[in-house]
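Chains U and P, in that order, are what the protein sequence lines are.
Residues 0 to 286 (numbering that gives the first Met the number 0) make up the first sequence, in order.
Residues 0 to 89 (numbering that gives the first Met the number 0) make up the second sequence, in order.
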Amino acid sequence: MCRMCDSMGGGGTWYLNPKNYSNRMYKLREPGKGPTTQLGNSPNAGAAQEPGAAPRMGLPHALEAKANGDLETFNKVISDLNRRSVMRAGAQVVPLHEVMEILDFGMPVAAMMCICRKNSRACEECNLSEYTCMGLGTGMLKWERWPERYRGGVEFLSTKQAKEWVEYWDKKGMMHMLMQEGGDFIGGLCNCDYPDCGPIRNRIDYGLWAQLVKSEYVCFVDWEKCNGCGDCLGRCHYNALKFEATMEKAHIDQFNCFGCGLCETACPRDAISYRDRKKIPGLAKVW
Amino acid sequence: MYPIVAPLIKINQQACTTPFACKRCLQVCPTAVFMVHETKMLRLEETDKHEPGNYRLRVAFRDKCSACNRCVDVCPNNALTIEMPEGAAI
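Structure below.
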């Protein structure tokens, strides 16, 4: 069980518990957070600082220290951030077949632009074939209050449309993750890639492990079935999948694998399968 | 991880006025070092990306910069400079 399942799962997987998508959970704001006219607490608040001023806290401070060769400060700030974020829910990687289950009860759902891709590559997504992010739950009904946050508009989808849309991005090579928003409420389903996704980059480049949790699964390659075609190669965003030349087969590093299942959905011979992380002794606590 | 001193990237904010509309450096960078942010997020109001000052370019992941200088080459306003800091070799 990951830490979110422990506190919010009700005995099962937290994201398969419909309670966590409910209006009641949405109303439970983070302590001290109220309605505002300006999103002062947004991740973009850093943009308001004086030009040229050195950042004094948080990830920007750690990265500045690392860029100057000061790894001691970098490690200290990163471990502080981890200690703080382990106290609250984080994003979790979810494989495609469980996304389909979630979409059966996570209504209403609306596709929208991705804030990470907007900030990192200045992507302006403005229609359904461009939107890469999805808002879940009643919070989406109020999107028009923040046109800048939802730049490019949103599109409310039926369950069937939503499933087709997620499959479209899976084929394109995006992995799926759930985001909690403003507390424990599960408010978003993202389709992400490295390096543009904030949580992926923060975890695999900078060791912020508490903000993005691995999925409940690990992917295994069945070497009896794998013929080394290489269709799965290049789908992994986590440096876990490679071609092992010695065996002439695909190779998955169990400790790097996040269980997103992108390799599984690409395999034409069903040679890659999910195994339950919790049932593998050496991986049961590797989140 | 061993310590490396990364190149210094300077952005002339007077010259780089509409980064979200221009976006050349953001899309050319091989390691996605830059980020662009809106300077204000107002209720019921979408920011005009063509109006100077509404968006700000930021060097977010300087430790990933290799000083390949592609961003310097594509910048239409010559707003970017990259130099190696003194004592860069540790």
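Beta carbons are placed, not taken as given, at the ideal position from N, Cα and C, and that holds for glycine.
Listing by chain order, which chain P residues have their CB less than 7 Å from the CB of residue i?
i, result
"Arg148/U", "Met40"
Strictly below 9 Å CB to CB, what residues from chain P border residue i?
i, result
"Leu70/U", "Met0, Tyr1 and Pro2"
For residue i, go through chain U and note every residue whose CB falls closer than 9 Å to its CB, in chain order.
i, result
"Leu43/P", "Glu143, Arg144, Trp145 and Pro146"
"Ala14/P", "Neighbours of Ala14/P on chain U: none; closest Cβ ~12 Å, over 9 Å."
"Thr46/P", "Pro146, Glu147 and Arg150"
Here's the rule: buried if 16 or more other CB atoms are within 10 angstroms of the residue's CB, otherwise exposed. What is residue i?
i, result
"Phe242/U", "exposed"
"Pro94/U", "buried"
"Pro194/U", "buried"
"Arg83/U", "exposed"
"Gly187/U", "buried"
"Thr12/U", "buried"
"Asn43/U", "For Asn43/U, the pLDDT reaches just 47, beneath the cut-off of 50, and the residue's location in the model is therefore unreliable, leaving the point undetermined."
"Asp169/U", "buried"
"Leu156/U", "buried"
"Cys228/U", "exposed"
"Phe60/P", "buried"
"Gly258/U", "buried"
"Phe285/U", "Residue identity differs from the one stated: residue 285/U is Val in this sequence, not Phe. Exposed."
"Arg144/U", "exposed"
"Glu163/U", "exposed"
Which same chain residues, not among the five before or five after residue i, have their C-beta less than 6 Å away from its C-beta?
i, result
"Pro18/P", "Val35, Tyr54 and Leu56"
"Met83/P", "Pro6"
"Val98/U", "Val165 and His175"
"Ala64/U", "Thr72 and Phe73"
"Thr158/U", "Leu102"
"Ala14/P", "Asn76 and Ala78"
"Arg234/U", "Gly172, Leu261, Cys262 and Ala265"
"Cys4/U", "Thr12 and Trp13"
"Ala209/U", "Asn81, Ser84, Val85 and Gly89"
"Ile251/U", "Cys218, Val220, Ala239 and Leu240"
"Arg268/U", "Lys224"
"Tyr167/U", "none"
"Gln37/U", "Residue placement at Gln37/U is flagged as unreliable, the pLDDT there being 48, under the threshold of 50; the coordinate-derived value follows with that caveat. Closer than 6 Å at the Cβ level, and outside the excluded window around Gln37/U, lies no residue."
"Arg69/P", "Val27"
"Cys113/U", "Thr131 and Cys132"
So which residues on chain A does residue i lean against when the C-beta distance must stay under 9 Å?
i, result
"Ala5/P", "Within the model displayed, chain A is absent; protein chains U and P are what it includes."
Just to make sure I have the definition right: I need the residues of chain U whose C-beta is within less than 8 Å of the C-beta of residue i. Which are they?
i, result
"Met34/P", "Asn118 and Ser119"
"Thr30/P", "Pro194"
What does residue i touch in chain P if you count any residue whose Cβ is under 8 Å from its own?
i, result
"Leu62/U", "Ala59, Phe60, Arg61 and Asp62"
Which residues in the same chain as residue i place their Cβ atom closer than 7 Å to its Cβ, once the five residues preceding and following it in sequence are excluded?
i, result
"Lys63/P", "Thr30 and Val32"
"Gly206/U", "Ile77"
"Thr16/P", "Pro51 and Gly52"
"Cys74/P", "Arg23 and Cys24"
By Cβ distance below 8 Å, which residues in the same chain neighbour residue i in space, the five residues on each side in sequence not counted?
i, result
"Glu154/U", "Ala109, Ala110, Met111, Asn126, Leu127 and Tyr130"
"Gly39/U", "Per-residue confidence for Gly39/U stands at a pLDDT of 42, beneath the threshold of 50, marking its modelled position as unreliable; the derived number appears in the next sentence. Excluding residues within five positions, none has a Cβ falling inside 8 Å."
"Asp192/U", "Gly172, Met173, Met174, Ile199 and His236"
"Tyr216/U", "Pro94, Gly258, Gly260, Tyr273, Arg274, Asp275 and Arg276"
| Chain-ordered residues of the stretch 181–197 of chain U with a beta carbon less than 7 Å from chain P | Pro194 and Asp195
| request: Give, in chain order, every residue of the stretch 62–81 of chain P whose Cβ lies closer than 9 Å to some Cβ of chain U. | output: Asp62, Lys63 and Cys64
| query | Which residues, in order along the stretch 2–22 of chain U, keep a beta-carbon less than 7 Å from a beta-carbon of chain P? | reply | none
| query | Is the stretch 128–144 of chain U close to the stretch 200–216 of chain U, with three or more CB pairs under 8 Å? | reply | no
| said: Does the stretch 148–163 of chain U come into contact with the stretch 114–125 of chain U, if we say contact requires no fewer than three beta-carbon pairs (one atom in each stretch) closer than 8 Å? | reply: yes
| request: Count the CB pairs spanning the stretch 40–54 of chain P and the stretch 264–283 of chain U that are closer than 8 Å, and state whether there are at least three. | output: No: fewer than three Cβ pairs fall under 8 Å.
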